[in-house]
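Under full-length UniProt numbering, the letters of the sequence shown match residues 1 to 282, in that order. For every residue, glycine included, the Cβ atom is placed at its ideal position computed from N, Cα and C. Written out below as structure tokens is the structure these notes cover.
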Amino acid sequence: MSDNQNLLAEQRRALILDEVRRRGGVRVNELTRKLNVSDMTVRRDLDALARQGVIEKVHGGAVPVVEASTHEPGFEAKSALELTAKEDIARAAAALVQPGSAIALSGGTTTFALAHHLVDVPELTVVTNSTRVADVFHTARQTAGAGGQRSGSPVVVLTGGVRTPSDSLVGPVADQAIRSLHFDVLFLGVHGISVEAGLSTPNIAEAETNRRFMRSARRVVVVADHTKWGTVGLSSFATLDAIDTLVTDSGLSEETRAEIAEHVPGLLVADRATSGSVPGNG
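In structure tokens:
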């Protein structure tokens with residue numbers, strides 16, 4: 001299958017997932033009419049989404065998978081999902097980083113993708129509570145050669161704390177470290193995002209650590225693919241109004257984008273087809 005065909009399939013499945021979550025379920029015949037594709041194509045898309053664990057197939061259609069609000073997938077499980085969307089978001093978010101700035105990266109697979117785009121930004125100071133993110137910068141420094149740290153390469157500060165299933169460090173030790181620091185920009189990954197619940201996570205300790213991150217940042221940028229919309233974790237830690245910018249992918253419907261724009265000053269919709277990011281608002 002060609003890259004264009006892969007992209008079309010991913011876009012179509014993103015639209016299907018958005019429809020399932022927004023309406024609470026869809027029928028195959030409704031999707032064939034809406035997407036103007038064959039019954040067989042829709043069923044293949046539903047099979048693919050079911051394998052990802054984001055929908056449940058039922059007779060004649062599909063319904064969303066409702067996970068417990070305390071369920072926290074491991075890093076490896078999450079890293080295999082929405083790879084194209086996360087890469088697009090990472091590329092768009094990296095363009096917001098200025099050389100010489102102090103930034104923070106929270107834990108998560110999208111911030112992990114973002115870190116790969118920041119290893120060559122000069123004179124950065126990076127604070128993170130993600131062991132995976134820290135490893136990205138460490139590996140880049142190691143592969144640069146035996147001469148040690150390159151001139152101008154990022155300085156990385158890894159907080160301490162208790163490790164979560166997604167390889168983030170949280171709890172009082174992390175909170176104390178973050179409390180005394182100040183960042184130009186925080187790039188924040190989230191488990192779930194919605195108008196009602198705001199930003200949420202299944203881990204109560206992580207919720208407090210994220211609050212500390214946000215209090216220490218001059219600007220808060222949330223990086224979240226379209227599948228996070230409508231997901232609600234056990235603990236909410238911020239409202240949508242606390243976000244300065246949301247960087248997401250083109251899988252969000254126009255209706256959802258308009259709803260977000262009512263609460264978030266800046267909305268960047270990353271779009272691989274245009275090799276950049278399209279400003280959705282602000």
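From the options, pick the residue whose C-alpha is nearest to that of residue i; which is it?
| i | options | result |
| --- | --- | --- |
| G189 | A93, R43 and R218 | A93 |
| G192 | S200, V185 and L186 | S200 |
| E254 | V269, V162, H263 and D244 | V269 |
| V223 | T248, L234 and A238 | T248 |
| D88 | F183, S250 and P99 | S250 |
| S106 | G230, R33 and V220 | V220 |
| V173 | L31, S236, E206 and T110 | E206 |
| V97 | R12, D47 and F187 | F187 |
Hey, could you find the ends of the beta strand (DSSP E) residue i is sitting in?
| i | result |
| --- | --- |
| Q103 | Residue identity differs from the one stated: residue 103 is Ile in this sequence, not Gln. Note, I103: beta strand (DSSP E), A102 to L105. |
| V220 | V220 to V223 |
Give the DSSP bridge partners of residue i, in chain order.
| i | result |
| --- | --- |
| A62 | V26 and K57 |
| A261 | Answer by DSSP bridge pairing: none, since A261 is not bridged. |
| I193 | L199 and W229 |
| L158 | T128 |
| A140 | Looking at the DSSP assignment, A140 forms no beta bridge with any residue, so it has no partner. |
| V266 | For the sequence presented, residue 266 should be read as Gly rather than Val. In DSSP, G266 forms a bridge with T245. |
| R163 | L169 |
Which residue marks the beginning of the alpha helix (DSSP H) containing residue i, and which one marks its end?
| i | result |
| --- | --- |
| F183 | Segment: none, F183 is in no alpha helix (DSSP H) and carries neither H nor E. |
| L49 | D39 to Q52 |
| A238 | Taken as a continuous stretch (DSSP letters only), A238 belongs to no alpha helix (DSSP H), being part of the beta strand (DSSP E) at S235 to A238. |
| E87 | L83 to A94 |
| L114 | T109 to H116 |
| A217 | Counting along the chain, A217 falls outside any alpha helix (DSSP H), and DSSP gives it neither H nor E. |
Considering only residues of the same chain and omitting the five flanking positions on each side of residue i, which have a CB-CB separation below 8 angstroms?
| i | result |
| --- | --- |
| V155 | L124, T125 and V126 |
| V65 | G53, V54, I55 and E56 |
| A113 | K86, E87, I89 and A90 |
| V63 | V20, G24, G25, I55 and E56 |
| H59 | none |
| R43 | V28 |
Assign residue i to one of two classes, buried (16 or more other C-beta atoms within 10 Å of its C-beta) or exposed (fewer than that).
| i | result |
| --- | --- |
| N203 | buried |
| S180 | exposed |
| R23 | exposed |
| S38 | exposed |
| M214 | buried |
| residue 284 | The structure shown does not extend to residue 284, since the chain is modelled only from 1 through 282, so no value can be given for it. |
Between which residues of its own chain and residue i is the CB-CB distance below 7 angstroms, once the five residues before and five after are set aside?
| i | result |
| --- | --- |
| F137 | A115, V119, V126, P154 and V156 |
| D244 | R219, V220, V221, P265 and G266 |
| A68 | Below a pLDDT of 50, predicted positions are generally treated as unreliable, and A68, at 48, falls in that range; the measurement from the model is reported next regardless. Nothing meets the Cβ criterion. |
| A258 | none |
| N129 | S106, G107, T159, G161, S168, L169, V170, A174 and T209 |
| G147 | Note that G147 has pLDDT 49, beneath the 50 cutoff, so the model's placement of it is unreliable and no number is given. |
Residues in the same chain with beta-carbon distance under 6 angstroms from residue i, minus the five sequence neighbours each way, listed in chain order, please.
| i | result |
| --- | --- |
| T84 | E10 |
| G152 | P122 and E123 |
| L240 | G198, H263 and V264 |
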